[in-house]
Structure formats: C-alpha cells, structure tokens
Amino acid sequence: MELLIQLLSGALGGNLAGSLLKKLSLGTILNSIVGILGGGLGGQILNSLGASSGGASSLDLAGIIYNILGGGVGGGVVMAIIGLIKSLFGKK
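For the sequence shown, the residue numbers in the numbering used here are -4 to 87.
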C-alpha cells in the first residue's frame, strides 16, 4: 500500500512541477510517467533513511503523510531533472 501511495503522489508531483515549470514540462503523460518513477524512488529513499512514522502500521496518518510527501517531492524533482536534461540537449 505504501508503494501505491508513493506512485500516485509521484504522478501528482510530476504534473504539479510540470505546471509550475512550463519550460521544463514534458507534457501530461510524460510528466505522469516520470513522476511515478520519481515518486517510487523518492519514497523508497525516505524509507531507507528512516524517515517513516516509526509506528507498527504504515497506514497510520503519519506514515501516509510521509509517503505522500516523499512520492510527491520525488516525482517533482525527477520530472524537473529530466525536463532540464531534455531542454539542454534539445537546444542547438
């Protein structure tokens, strides 16, 4: 369930970053795909660093918030990085 929350919030984070950073946007579908990848990656990095709720259940409120934040931020950051790389190589 944690991974699903991270992936969905990653897609939202990727699209939010794409709407805020119009020059780096990859389009809705690619923003979502890259955001999903970044959301999974960001959430897993936070979990491996120990930034979790610390409770017995990962579905408590703090755990869900950590997963949403990790996935959303990860999705936005990876989308921005991929968009920047694409814009740098797209210029001639």
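Each residue gets a CB set at the ideal place from its N, CA and C atoms; glycine is no exception.
Quantities reported herein were computed from a predicted structural model and do not represent experimental measurements.
A residue is called buried once 16 or more other Cβ atoms fall within 10 Å of its Cβ, and residue 35 is buried on that count. Sequence-distant partners of residue 12 (beyond 5 residues in either direction) whose C-beta falls short of 7 Å from its own C-beta, in its chain, are 71, 74 and 75. Put simply, the backbone Cα of residue 41 is about 10 Å away from that of residue 64.
Sequence-distant Cβ neighbours of residue 31 in its own chain, meaning closer than 6 Å and more than five residues away, are 2, 5 and 6.
Going by beta carbons, residue 21 and residue 78 fall inside the 7 Å limit. Distance from residue 85 to residue 33 at the Cβ level is roughly 20 Å; contact not present, criterion being Cβ atoms closer than 8 Å. Residue 37 sits in a helix when the DSSP states are folded into three classes.
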